[in-house]
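See structure below.
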Amino acid sequence: MAPDSAILDVQGVTAGYGGSAVLQDLGLSVRSGTMTGVIGPNGAGKSTLLKVIVGYLRPSQGEILLDGVAVTGLPPEQRIAKGIAYIAQTRSHFPSQTVQENLRLGAYLVKDARLRAERQNAVFERFPILHERRRQLAGQLSGGEARMLEVGRMMMTAPRLAILDEPSVGLSPKLVDVVYGHVRSLCDQGMSFLIVEQNVRKLLSVADFIYALEGGRNRYDGTPHDLSEDGRLAELYLGARG
Amino acid sequence: MLLDLVYFAALGVMTGGLYGLLGLGLNLIFGVMRVINVSHGEMLTLGAYTAIVMGLGGVTSPWAAIVAAVMVVTLIGFLIARYLLQPLTVESRIDEQRGMVLSLGLSLVLANLVLAVFGPEYQRVPGKLAEGSIVLGDLIIEKQRLIILIASLVLAAALMAFLRFTLTGKAIRAVGENPEAAQASGISVRKIHLLTFSIGSALAGAAGALITPATYAFPAMGLNYTLYAFSVVIIGGLGSVWGAIFAGFLLGIVESLSVIWLPSGYNTIVGPVLMLFTLIIRPQGLLGVKPGRA
Amino acid sequence: MTQTFSARQVAMILAVVIVAATLPFIAPNDFIIHTVCIALVYAVLAASWDLLYGFAGLISFGHAGFFGLGAYSAALFTTYLGLPAWFGPPVGAVAGALLGVAIGVPTLRLRGVYQALSTLAFSESLHVVATNWYSVTRGTLGFNQHPTFFRMIGELHKSYYVMLATCSVCVAVIWWIARRSRMGMTFRAMRDDDIRARALGINIVQQRVLVFTLSGLFAGLAGAIYAHYVGLVSPSELGPSLTILVIAMSTIGGVGTIIGPAVAAVVLYALTELLHLAGTVYNQIAIGALLIAFVLFLPDGIAGWFVRHGRRTPAKS
Chain G
1 MAPDSAILDV QGVTAGYGGS AVLQDLGLSV RSGTMTGVIG PNGAGKSTLL KVIVGYLRPS
61 QGEILLDGVA VTGLPPEQRI AKGIAYIAQT RSHFPSQTVQ ENLRLGAYLV KDARLRAERQ
121 NAVFERFPIL HERRRQLAGQ LSGGEARMLE VGRMMMTAPR LAILDEPSVG LSPKLVDVVY
181 GHVRSLCDQG MSFLIVEQNV RKLLSVADFI YALEGGRNRY DGTPHDLSED GRLAELYLGA
241 RG
Chain W
1 MLLDLVYFAA LGVMTGGLYG LLGLGLNLIF GVMRVINVSH GEMLTLGAYT AIVMGLGGVT
61 SPWAAIVAAV MVVTLIGFLI ARYLLQPLTV ESRIDEQRGM VLSLGLSLVL ANLVLAVFGP
121 EYQRVPGKLA EGSIVLGDLI IEKQRLIILI ASLVLAAALM AFLRFTLTGK AIRAVGENPE
181 AAQASGISVR KIHLLTFSIG SALAGAAGAL ITPATYAFPA MGLNYTLYAF SVVIIGGLGS
241 VWGAIFAGFL LGIVESLSVI WLPSGYNTIV GPVLMLFTLI IRPQGLLGVK PGRA
Chain S
1 MTQTFSARQV AMILAVVIVA ATLPFIAPND FIIHTVCIAL VYAVLAASWD LLYGFAGLIS
61 FGHAGFFGLG AYSAALFTTY LGLPAWFGPP VGAVAGALLG VAIGVPTLRL RGVYQALSTL
121 AFSESLHVVA TNWYSVTRGT LGFNQHPTFF RMIGELHKSY YVMLATCSVC VAVIWWIARR
181 SRMGMTFRAM RDDDIRARAL GINIVQQRVL VFTLSGLFAG LAGAIYAHYV GLVSPSELGP
241 SLTILVIAMS TIGGVGTIIG PAVAAVVLYA LTELLHLAGT VYNQIAIGAL LIAFVLFLPD
301 GIAGWFVRHG RRTPAKS
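For the record, the sequence lines run as chains G, W and S. By the count of the numbering used here, the first sequence reaches residue 242 at its end, each step adding exactly one. By the count of the numbering used here, the second sequence reaches residue 294 at its end, each step adding exactly one. By the count of the numbering used here, the third sequence reaches residue 317 at its end, each step adding exactly one.
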């Protein structure tokens with residue numbers, strides 16, 4: 001896989017709910033090995049975009065390509081099998097089951113027991129707190145610990161593309177830094193990321209490439225450096241947040 | 001008087017096992033798929049009539065009949081889930097209200113199909129699960145009823161072990177708790193729904209086949225049992241497996257004991273009344289969880 | 001919400017009105033007239049169910065309870081007090097309304113499934129009582145000691161027109177309450193978003209009890225009319241089968257339109273009674289199958305289909 005190839009290609013996607021289109025002819029791509037961010041005001045279609053990419057929502061038009069292969073018709077579980085992972089905005093785990101069971105479920109598609117054990121060890125190495133709490137119910141974890149569990153759950157499939165919906169929500173600034181620290185380190189190990197964020201400043205400081213959505217379309221894109229230099233982004237944001 | 005109490009209580013325990021089994025199946029279906037399956041009792045009817053057909057066909061062993069009943073009802077449950085419930089599924093969730101109304105239509109169709117094919121007469125199977133009774137002092141308990149109780153407990157325990165310890169069982173619980181996260185783990189919610197409905201129906205079918213040696217079957221029996229199942233599920237708590245079992249026994253015992261104090265025939269009011277009290281005073285039931293689904 | 005009707009729709013409505021008005025003369029036999037009379041009662045029942053669900057968002061799994069209670073109350077009241085049949089319907093209406101209050105008040109906090117099952121619990125309890133209180137209700141034999149409106153034979157035409165008029169008026173009143181009155185608007189606000197409704201000053205408690213009372217009133221009234229028309233009241237008037245039928249009729253007719261369920265009730269009941277002549281239980285199977293088909297393919301019901309396809313006015317948006 002050449003470092004410049006796109007692990008994810010979204011082409012001309014139009015999608016919405018009940019007849020109204022939230023996304024209009026949207027296109028973006030994630031270069032493999034990068035952390036790509038998506039920002040935009042409320043209602044711009046960020047969550048809808050993620051739903052379409054992961055497969056929860058069918059677009060009325062357009063294609064989703066994973067590593068050049070079209071996955072547009074596939075249900076989420078098959079896209080997971082092909083190397084996508086997804087962490088939703090709120091509670092993307094199972095509170096009534098233990099930490100260990102949550103991880104086991106994350107590895108639902110991994111048939112090889114040895115591989116599962118290896119990956120679980122990697123998760124526990126990265127998040128010692130999860131090892132400590134492995135027999136506790138996930139519902140008893142704090143907000144930050146739950147996020148880490150979700151990242152751990154995601155790691156169990158060793159995805160090539162991880163999709164995160166507002167990972168900083170509900171976390172203190174220190175925890176946000178911790179989470180993004182892990183994301184960066186996983187990215188450096190080869191995992192590509194597509195991250196939607198409200199916390200624009202944080203995203204600008206860590207991402208390799210940014211897309212700014214507005215009204216269901218791709219308004220601006222570029223490196224964080226380009227975008228913060230460019231006054232329009234500030235205008236988009238200050239204007240929208242008002 | 002004490003002997004009466006003990007006798008009726010014992011009887012209640014035995015019917016309670018059955019109620020618990022029914023409630024378990026309904027609870028599973030509701031907990032995972034959020035569908036109120038009004039036709040649940042009809043699965044019991046189909047199980048009972050499969051046993052009757054086996055009996056008419058010359059099969060004398062009730063156990064073979066039970067196995068056949070479970071197989072038949074599981075298949076029917078699967079077909080219902082695949083062709084009637086799946087179309088109502090949007091983004092991994094089933095439309096609750098449409099599912100409920102659909103199950104109403106199903107109960108009409110199934111109960112009357114049975115009526116059309118077999119007629120309204122009460123039917124019996126030729127065999128018995130066991131002959132004779134156990135005598136404990138002044139208490140006489142039919143062995144057969146005891147076996148039904150034990151079978152119910154075994155089935156319930158098997159279900160609970162399956163849900164708790166196997167990967168598929170955990171996946172089922174996961175889908176019930178958070179369908180989106182389950183899908184994000186690679187679990188096919190579609191397949192889990194099919195499996196869950198089949199298992200729930202199978203439990204009801206087993207219950208139906210279990211009771212036929214002890215009592216008779218008639219086409220409208222399903223609706224009565226559906227009402228019991230609902231009472232059990234509400235009293236025990238929607239979504240709680242232990243709750244269903246406990247509530248089943250509670251309902252069975254109270255209803256049985258009520259025969260002593262209430263004029264005859266009124267014991268069937270116990271279920272609705274207990275359900276009403278639970279709904280008014282503590283809607284989540286004895287062991288239920290407040291509906292906090294993702 | 002006003003609606004302009006297309007020429008085709010006007011023609012259809014006119015056809016229905018003409019048929020209804022001349023039925024006793026064009027019907028091939030008396031059984032059809034008799035069937036339609038009963039169907040008209042079910043129309044009122046279905047309309048009252050729709051008021052509760054389609055407009056206030058409250059599912060009644062125990063509507064037969066109102067109906068049966070109204071029927072028994074009217075029958076028992078007129079019998080034991082020696083009153084003529086015309087006293088029955090008001091009694092039935094009051095009984096239904098009281099039951100509405102009795103159900104509405106304790107279940108205020110309940111939503112969704114729990115609320116639906118609470119209504120079931122109420123009607124099932126009544127069902128058991130009616131079946132077993134032999135000394136008063138004569139149990140499953142049914143109660144037939146009460147006076148009827150008309151003698152069955154010889155006054156069929158008169159009874160048909162009276163039933164037609166009464167039931168149509170009832171349905172019209174329910175329709176007006178639901179679609180035109182402020183009460184109806186308030187019910188709908190409560191259904192859609194009760195938090196916002198409360199913020200607007202709507203007393204949810206009051207409105208919820210009110211809609212239960214109204215729905216129960218009409219259902220009880222329908223029950224009483226039924227009792228005095230047919231002359232026999234049995235526990236099955238309180239049973240779940242009747243409730244299921246009402247829900248089926250309303251769903252097929254189109255929830256939230258009042259007229260849809262009412263018309264569907266008449267058509268379905270009449271059709272299935274005719275099928276009944278053909279082969280006993282297939283009518284129930286037909287209704288169940290129809291219901292399933294509608295839920296799957298036409299969830300808005302027939303009236304819903306009309307609303308979406310029949311409009312010939314220029315589109316609003």
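All C-beta atoms in this analysis are idealised placements derived from N, C-alpha and C, irrespective of residue type, glycine included. On a predicted model such as this, the values are computed, not experimentally measured, just so you know.
Through-space distance from P95 (chain G) to L175 (chain G), alpha-carbon basis: Position 175 of the first sequence, counted from the start, is the residue given in the question as residue 175 (chain G). Position 95 of the first sequence, counted from the start, is the residue given in the question as residue 95 (chain G). Cα to Cα, L175 (chain G) sits roughly 20 Å from P95 (chain G).
Sub-8 Å separation of G265 (chain W) and T131 (chain S) beta-carbons: Within the second sequence, the letter at position 265 stands for residue 265 (chain W). Within the third sequence, the letter at position 131 stands for residue 131 (chain S). Cβ atoms of G265 (chain W) and T131 (chain S): closer than 8 Å.
Y72 (chain S) (DSSP reduced to helix, strand or coil): Numbered from its first residue, the third sequence carries residue 72 (chain S) at position 72. The answer is helix: DSSP assigns Y72 (chain S) an H, G or I state.
Beta-carbon proximity list for K158 (chain S), same chain, < 7 Å, skipping 5 on both sides: Position 158 of the third sequence holds residue 158 (chain S). Closer than 7 Å at Cβ, skipping near neighbours: F150.
Listed by chain order, chain G residues near K295 (chain W) by CB distance under 8 Å: What the structure shows of chain W is the stretch from 1 to 294, and residue 295 (chain W) is not part of that stretch, so it cannot be assessed.
Cβ-Cβ separation, L268 (chain S) to L164 (chain S) (assumed contact under 8 Å), whole Å: By 1-based counting over the third sequence, the position of residue 164 (chain S) is 164. By 1-based counting over the third sequence, the position of residue 268 (chain S) is 268. Not quite, the Cβ-Cβ distance comes to about 18 Å (not below 8 Å), so this is no contact.
Any C-beta of chain W under 8 Å from that of V263 (chain S): Taking the third sequence and counting its residues from 1, one reaches residue 263 (chain S) at position 263. So no, V263 (chain S) is outside the interface.
Cα-Cα separation between L129 (chain W) and G12 (chain W), rounded to whole angstroms: Against the second sequence, residue 129 (chain W) aligns to sequence position 129. Against the second sequence, residue 12 (chain W) aligns to sequence position 12. C-alpha separation (whole angstroms): 19 Å.
Buried versus exposed call for S20 (chain G) [16 or more other C-beta atoms within 10 Å across all chains shown]: Residue numbering aside, residue 20 (chain G) sits at position 20 when the first sequence is read from its first letter. By the 10 Å Cβ count, S20 (chain G) comes out exposed.
Within-8 Å CB hit, A313 (chain W) to chain G: No answer is possible for residue 313 (chain W): it lies beyond the span of chain W, which begins at 1 and ends at 294.
Distance between V154 (chain W) and H276 (chain S) (C-alpha atoms, nearest Å): Within the third sequence, numbered from 1, the residue matching residue 276 (chain S) stands at position 276. Within the second sequence, numbered from 1, the residue matching residue 154 (chain W) stands at position 154. Answer to the nearest angstrom: the Cα atoms are 45 Å apart.
The region 81-94 of chain G: positions lying closer than 8 Å to chain W by Cβ: A81, A85, Y86, I87, A88, T90, R91, S92, H93 and F94
Neighbourhood of G55 (chain W) by C-beta distance below 6 Å, restricted to the same chain and skipping five residues each side: Here residue 55 (chain W) refers to the residue found at position 55 of the second sequence. Answer for G55 (chain W): V125 and P126, listed in chain order.
Spatial neighbours of F127 (chain G) in its chain, beta-carbon cut-off 7 Å, leaving aside the 5 residues before and after: By one-based count along the first sequence, residue 127 (chain G) stands at place 127. Taken in chain order, the residues that qualify are M148 and G152.
Chain G contact residues for I187 (chain W), given Cβ-Cβ distances below 8 Å: Mapped onto the second sequence, residue 187 (chain W) falls at position 187. Those are E77, L105 and Y108, listed as they occur along chain G.
Backbone CA spacing between L298 (chain S) and R308 (chain S) [nearest angstrom]: Residue 298 (chain S) sits at position 298 when you count from the first residue of the third sequence. Residue 308 (chain S) sits at position 308 when you count from the first residue of the third sequence. Rounded to the nearest angstrom, the two C-alpha atoms are 12 Å apart.
Distance, A151 (chain W) Cα to A207 (chain W) Cα: Counted from its first residue, the second sequence places residue 207 (chain W) at position 207. Counted from its first residue, the second sequence places residue 151 (chain W) at position 151. When rounded, the distance between both Cα atoms is 9 Å.
Near-chain W residues of the region 36-68 of chain G (beta-carbon distance less than 9 Å), N- to C-terminal order: K51, V54, G55, Y56 and L57
Beta-carbon proximity of R190 (chain W) to Q123 (chain W), cut-off 8 Å: Here residue 190 (chain W) corresponds to residue number 190 of the second sequence, with the count starting at 1. Here residue 123 (chain W) corresponds to residue number 123 of the second sequence, with the count starting at 1. No, the pair does not count as a contact, with Cβ atoms beyond the cut-off.
Burial state of Q140 (chain G) (16 or more Cβ within 10 Å): On the first sequence, position 140 is the one that residue 140 (chain G) refers to. Burial call: exposed.
Length of the line joining the Cα atoms of Y114 (chain S) and I211 (chain W): Counting from 1 along the third sequence, the entry for residue 114 (chain S) is found at position 114. Counting from 1 along the second sequence, the entry for residue 211 (chain W) is found at position 211. Computed Cα separation, rounded: 29 Å.
Contact under 8 Å by Cβ, A64 (chain S) with L242 (chain S): Looking up residue 64 (chain S) in the third sequence gives position 64. Looking up residue 242 (chain S) in the third sequence gives position 242. Yes, the pair counts as a contact, with Cβ atoms nearer than the cut-off.
Short CB-CB distance (under 8 Å) between L102 (chain W) and chain S: What you label residue 102 (chain W) is simply residue 102 of the second sequence in a count that begins at 1. L102 (chain W) counts as touching chain S.
Test item: CB-CB of M33 (chain W) and G205 (chain W) under 8 Å: Translated into the one-based positions of the second sequence, residue 33 (chain W) becomes position 33. Translated into the one-based positions of the second sequence, residue 205 (chain W) becomes position 205. Taking 8 Å as the Cβ cut-off, M33 (chain W) and G205 (chain W) do not qualify as a contacting pair.
CA nearest to the CA of P179 (chain W), picked from W:L18, W:G31, W:L26 and W:F8: Indexing the second sequence from 1 puts residue 179 (chain W) at position 179. The shortest C-alpha separation from P179 (chain W) is found at W:G31.
Segment limits, beta strand (DSSP E) that includes N224 (chain W): Counting from 1 along the second sequence, the entry for residue 224 (chain W) is found at position 224. Unbroken run through N224 (chain W) is the alpha helix (DSSP H), M221 to G236; no beta strand (DSSP E).
Runs of alpha helix (DSSP H) lying entirely within the region 48-95 of chain S, each at least 4 residues, in chain order: 63-80
DSSP state of D300 (chain S) mapped onto helix, strand, coil: Indexing the third sequence from 1 puts residue 300 (chain S) at position 300. In the structure shown, D300 (chain S) sits in coil (DSSP, three-state: anything other than H, G, I, E or B).
Cβ shell of A27 (chain S) (< 6 Å), same chain only, five flanking positions each side left out: The count along the third sequence starts at 1 and reaches residue 27 (chain S) at position 27. Once the five neighbours on either side are set aside, the close Cβ partners of A27 (chain S) are I33.
Range of the contiguous alpha helix (DSSP H) that encloses R153 (chain G): Indexing the first sequence from 1 puts residue 153 (chain G) at position 153. It spans G143 to M155 - the alpha helix (DSSP H) in which R153 (chain G) sits, taken as one unbroken run.
Backbone secondary structure at G99 (chain W) - three-state DSSP: For this step, residue 99 (chain W) is matched to residue 99 along the second sequence. Here G99 (chain W) sits in helix by DSSP.
The region 112-126 of chain S: positions lying closer than 8 Å to chain W by Cβ: G112, V113, Y114, A116, L117, S118, L120, A121, F122, E124 and S125
DSSP-derived helix/strand/coil call for G112 (chain S): In the third sequence, the residue the question calls residue 112 (chain S) occupies position 112. If DSSP states are grouped into helix, strand and coil, G112 (chain S) belongs with the helices.
T278 (chain W) - containing alpha helix (DSSP H), residue span: Against the second sequence, residue 278 (chain W) aligns to sequence position 278. V270 to I281 is the span of the alpha helix (DSSP H), which, as asked, contains T278 (chain W).
A393 (chain S) vs G220 (chain S) beta-carbon contact at 8 Å: There is simply no residue 393 (chain S) to check, as chain S begins at 1 and stops at 317 in what is shown.
Residue nearest to P283 (chain W) in terms of C-alpha spacing, selected from S:A289, S:L76 and S:P106: Along the second sequence, read from residue 1 onward, the residue named residue 283 (chain W) stands at position 283. Among S:A289, S:L76 and S:P106, the Cα nearest to that of P283 (chain W) is on S:P106.
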